[in-house]
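Asks:
Chains as they are written, first to last, in my numbering: chain A, 50 to 356; chain B, 50 to 356.
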């Protein structure tokens, strides 16, 4: 099995280096860090055991990369349009592309670009950051769920899961639609609300008015999921997410980090698309619509500030 | 007709001094400005013609004030609990109390404190600020609508309107419920959204996502009003409010000024009460509920910051 990684950041970099460190063949597309990693390799500071990877297959262009059996995409979803040119050199007839990204509608859009490619969702539950060139800081969690979107070859999904497990990464197969919506139950409230109110997950849950609002928003995601045919998520799941988050280390979701560092926010796939899908199914996520509008306003404000 | 003013700020101060300057007997309750105004009187810089009022009846305590025919309350509604002790010395058997304040539920609460007092709403359409002690800066507009809440004596309402007009203030009687809800159509979206997104009315209307959100929120107020029995407000009114605001000088609503200067925000009567009233009538203002939750969070954050 030959792996490729497009978008070697905190997430793609972590899962790719774990596989490589376990002896798998992994090829990384790098951008800014290319020269550094060519010279010094990757350093992974990890709560599960730190390691250094000296010899790595790194490239500045996918045209130089070999065709792969599995391509893991760790790009920010705002850059998914780049896949149109980045992905083709890596594709064989039955390549599996795993989108390790947040949101709803990602696989549908990539499938439209590449009607014949086999796709899966990679749902990463991990706190990880790329702090310096070639340096990945893995703080906690780390498991990954794989949801089959359009892969006809079950064998290859099983192999990916086996390879992850052999590399010390807890991996499991999950039902695609349910898994994407379940992740949205956490992502939709917390990513945007920490930006809109310039705060942290723990403070949102300490104040009764925002605790209720987060719960309301989670129930909107669950309502949307049910309208879209995913029946197996209910209020208990929302309560569990809130309970877990209260007992989690205070945390800045990726959108908050993006906003704070002036990077584009993943509003499209985390908000706009699920809101649209739900509306098509007759369900209106009113509070999350409002949050989307606030984020769109703040995104514009941010741009104006930077000019 | 003897007038009293409780809460001699930008609004109460403006309407009181207009009446006094026209020769009416007006008694003002003052707090911080008392000594200054005793010595120098009031200066009103006004777009309708500036004036100075040298001799003024000012007091530091309502116990020293005479009973009045009409009491105008210009307090911030967060201080309405003070009326319990402030108001009694000014009341005669048929005193009319006019609450020149923003929100829904104000008259109901004051009526509960004083079951026999005659009440009216004063709906002020004015841009005015108290910039220094004894100085009122009236920038534009200035008309006031009076809505009868529990006044059995129509005569006195007519007289108030006549006195205002004689003083150069455009005044009219309006239907109470309809007028309070109509004002909420503007107040509920703009007061909170300028705080939540730290912005101005014009910028909110320039961005398509917040323009739509403001419209949605206005439609929620209209839906609530209709559920509460006020049938005479519809989408045309919302569109007119938006049109007027686009063509208005960029403006910071009072709640934005309160927030920026670290003063308590009038969340209770501008949000919590109308949301509660609507819900009792079976209507959920979902986006405005979310805005209320955001404001409650920001209010707390602000307090914490100041400690």
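Glycine residues also receive a C-beta, built at the ideal position from the N, C-alpha and C atoms.
A quick note: this is a predicted structure, and the numbers were derived from the prediction, not measured.
#1: Fully enclosed by the region 248–335 of chain A, which alpha helix (DSSP H) runs are 4 residues long or longer?
#2: For residue 261/A, return the contacting residues in chain B, with the cut-off set at a CB-CB distance below 7 angstroms.
#3: Kindly provide the ranges of any beta strand (DSSP E) runs that are 3 or more residues long and lie completely inside the region 181–208 of chain A, ordered along the chain.
#4: Check residue 62/A in the structure and name its three-state DSSP category.
#5: Could you tell me whether the Cβ atoms of residue 166/B and residue 146/B are closer together than 9 angstroms?
#6: So, using beta-carbon positions, are residue 268/B and residue 291/B closer together than 9 angstroms?
#7: Report, in whole angstroms, the separation of the C-beta atoms of residue 318/B and residue 185/B, which I expect to be a contact under 8 angstroms.
#8: Strictly below 9 angstroms CB to CB, what residues from chain A border residue 130/B?
#9: Mind checking the region 236–248 of chain A against chain B and listing, in chain order, the residues whose C-beta falls within less than 9 angstroms of any C-beta there?
#10: Of the residues 76/A, 50/A, 312/A and 190/A, which one's Cα is nearest the Cα of residue 96/A?
#11: Taking 8 angstroms as the threshold, find out whether the region 227–242 of chain B comes into contact with the region 165–179 of chain B through three or more Cβ pairs.
#12: Return yes when the Cβ of residue 124/A is within less than 9 angstroms of the Cβ of residue 56/A, no when it is not.
#13: Could you check the C-alpha separation between residue 316/B and residue 338/B for me, to the nearest Å?
#14: Look up residue 241/A in the DSSP assignment and say whether it is helix, strand or coil.
#15: Apart from the five residues on each side of it in sequence, which residues of its chain come closer than 7 angstroms, Cβ to Cβ, to residue 99/A?
#16: Can you grab the Cα-Cα spacing for the pair residue 334/A / residue 188/B, in whole Å?
#17: Return the residue from the list 111/B, 215/B and 113/B that minimises the CA-CA distance to residue 72/B.
#18: What residue range does the beta strand (DSSP E) around residue 146/B cover?
#19: Got a sec, what are the start and stop residues for the alpha helix (DSSP H) residue 135/B sits in?
#20: Is any non-hydrogen atom of the ligand MN found closer than 8 angstroms to the C-beta of residue 148/B, if you look at the structure I gave you?
#21: Which residue's Cα is closest to the Cα of residue 248/B: 349/A, 256/A, 120/A and 84/A?
#22: Runs of 3 residues minimum, wholly inside the region 73–129 of chain B: which ones carry the beta strand (DSSP E) assignment?
#23: Residue range of the alpha helix (DSSP H) that residue 159/A falls in?
#24: For the region 171–186 of chain A, which residues have a CB atom closer than 8 angstroms to at least one CB atom of chain B, in sequence order?
#25: Just list the residues that DSSP pairs residue 221/B with in beta bridges.
#26: Output, in chain order, the set of chain A residues within a Cβ distance shorter than 7 angstroms of residue 346/B.
#27: Taking Cβ-Cβ distances shorter than 7 angstroms, what residues in chain B pair up with residue 339/A?
#28: Quick test of your reading: residue 313/A and residue 243/A, contact by CB under 8 angstroms. State the CB separation rounded to the nearest angstrom.
#29: Which term fits residue 135/B, buried or exposed, when burial requires 16 or more other beta carbons within 10 angstroms of its beta carbon?
#30: Is the CB-CB distance between residue 91/A and residue 80/A below 9 angstroms?
#31: Compare the beta carbon distance of residue 53/A and residue 111/A with 9 angstroms and say whether it is the shorter of the two.
#32: In chain order, what residues of the same chain lie with their CB nearer than 7 angstroms to the CB of residue 332/A, ignoring the 5 residues before and after it?
#33: Helix, strand or coil, according to DSSP, for residue 356/A in the structure here?
#34: Expressed to the nearest angstrom, what Euclidean distance is found between the alpha-carbon atoms of residue 77/A and residue 89/A?
#35: Return the bridge partner residues of residue 52/A from the DSSP annotation.
Replies: Result, derived from the coordinates:
#1: 250–255, 257–276, 284–295, 303–309 and 322–329
#2: Here residue 261/A refers to the residue found at position 212 of the first chain. By Cβ distance, chain B contributes 342.
#3: 184–197
#4: In the first chain, residue 62/A corresponds to position 13, counting from 1. Residue 62/A falls in the helix class under three-state DSSP.
#5: The residue labelled residue 166/B in the question sits at position 117 within the second chain. The residue labelled residue 146/B in the question sits at position 97 within the second chain. In contact: residue 166/B and residue 146/B (Cβ atoms closer than 9 angstroms).
#6: Position 219 of the second chain holds residue 268/B. Position 242 of the second chain holds residue 291/B. Taking 9 angstroms as the Cβ cut-off, residue 268/B and residue 291/B do not qualify as a contacting pair.
#7: Taking the second chain and counting its residues from 1, the one referred to as residue 318/B is at position 269. Taking the second chain and counting its residues from 1, the one referred to as residue 185/B is at position 136. Not a contact, Cβ separation roughly 23 angstroms.
#8: On the second chain, position 81 is the one that residue 130/B refers to. Simply none; closest approach about 21 angstroms.
#9: 242, 245, 246, 247 and 248
#10: Position 47 of the first chain, counted from the first residue, corresponds to residue 96/A. Looking at the Cα atoms, 190/A is the closest of the given residues.
#11: yes
#12: Position 7 of the first chain, counted from the first residue, corresponds to residue 56/A. Position 75 of the first chain, counted from the first residue, corresponds to residue 124/A. Against a cut-off of 9 angstroms, the Cβ pair of residue 124/A and residue 56/A comes out as a contact.
#13: Taking the second chain and counting its residues from 1, one reaches residue 316/B at position 267. Taking the second chain and counting its residues from 1, one reaches residue 338/B at position 289. Straight-line Cα distance between these residues: approximately 11 angstroms.
#14: Counting from 1 along the first chain, the entry for residue 241/A is found at position 192. Correct three-state label for residue 241/A: helix.
#15: Within the first chain, residue 99/A is the residue found at index 50, counting from 1. Cβ within range, chain order: 93.
#16: Within the first chain, residue 334/A is the residue found at index 285, counting from 1. Within the second chain, residue 188/B is the residue found at index 139, counting from 1. Computed Cα separation, rounded: 41 angstroms.
#17: Position 23 of the second chain holds residue 72/B. Of the candidates 111/B, 215/B and 113/B, the one whose C-alpha sits nearest the C-alpha of residue 72/B is 215/B.
#18: Numbered from 1 along the second chain, position 97 holds the residue referred to as residue 146/B. Per DSSP, residue 146/B belongs to the beta strand (DSSP E) from 145–148.
#19: The sequence position of residue 135/B within the second chain is 86, counting from 1. 132–135 is the span of the alpha helix (DSSP H), which, as asked, contains residue 135/B.
#20: The ligand MN is not part of the structure shown, which contains no ligands of any sort.
#21: Counting from one through the second chain, the residue named residue 248/B turns up at place 199. The shortest C-alpha separation from residue 248/B is found at 349/A.
#22: 74–78, 91–95, 100–102, 106–108 and 119–122
#23: Against the first chain, residue 159/A aligns to sequence position 110. Run containing residue 159/A: 155–162, per the alpha helix (DSSP H) assignment.
#24: none
#25: Within the second chain, residue 221/B is the residue found at index 172, counting from 1. In the DSSP output, where bridge partners are listed per residue, residue 221/B has 194/B.
#26: Along the second chain, read from residue 1 onward, the residue named residue 346/B stands at position 297. Within chain A, the residues near residue 346/B are 246, 256, 258 and 259.
#27: Residue numbering aside, residue 339/A sits at position 290 when the first chain is read from its first letter. Here the neighbours are 262, 336 and 339.
#28: Counting from one through the first chain, the residue named residue 313/A turns up at place 264. Counting from one through the first chain, the residue named residue 243/A turns up at place 194. Not really, about 16 angstroms apart at Cβ, beyond 8 angstroms.
#29: Along the second chain, one-based indexing puts residue 135/B at 86. Buried.
#30: Locating residue 91/A in the first chain gives position 42, counting from the first residue. Locating residue 80/A in the first chain gives position 31, counting from the first residue. For residue 91/A and residue 80/A, no; Cβs fall outside 9 angstroms.
#31: By one-based count along the first chain, residue 53/A stands at place 4. By one-based count along the first chain, residue 111/A stands at place 62. A contact, by the Cβ cut-off of 9 angstroms.
#32: By 1-based counting over the first chain, the position of residue 332/A is 283. Taken in chain order, the residues that qualify are 272, 273 and 276.
#33: Indexing the first chain from 1 puts residue 356/A at position 307. Interpretation of residue 356/A is limited by its pLDDT of 40, a score under 50 that renders its predicted location unreliable; the figure taken from the coordinates is listed afterwards. Residue 356/A: coil per DSSP, three-state reduction.
#34: Looking up residue 77/A in the first chain gives position 28. Looking up residue 89/A in the first chain gives position 40. If I take the Cα positions, the gap works out to 14 angstroms.
#35: Numbered from its first residue, the first chain carries residue 52/A at position 3. Beta-bridge pairing links residue 52/A to 75/A and 119/A.
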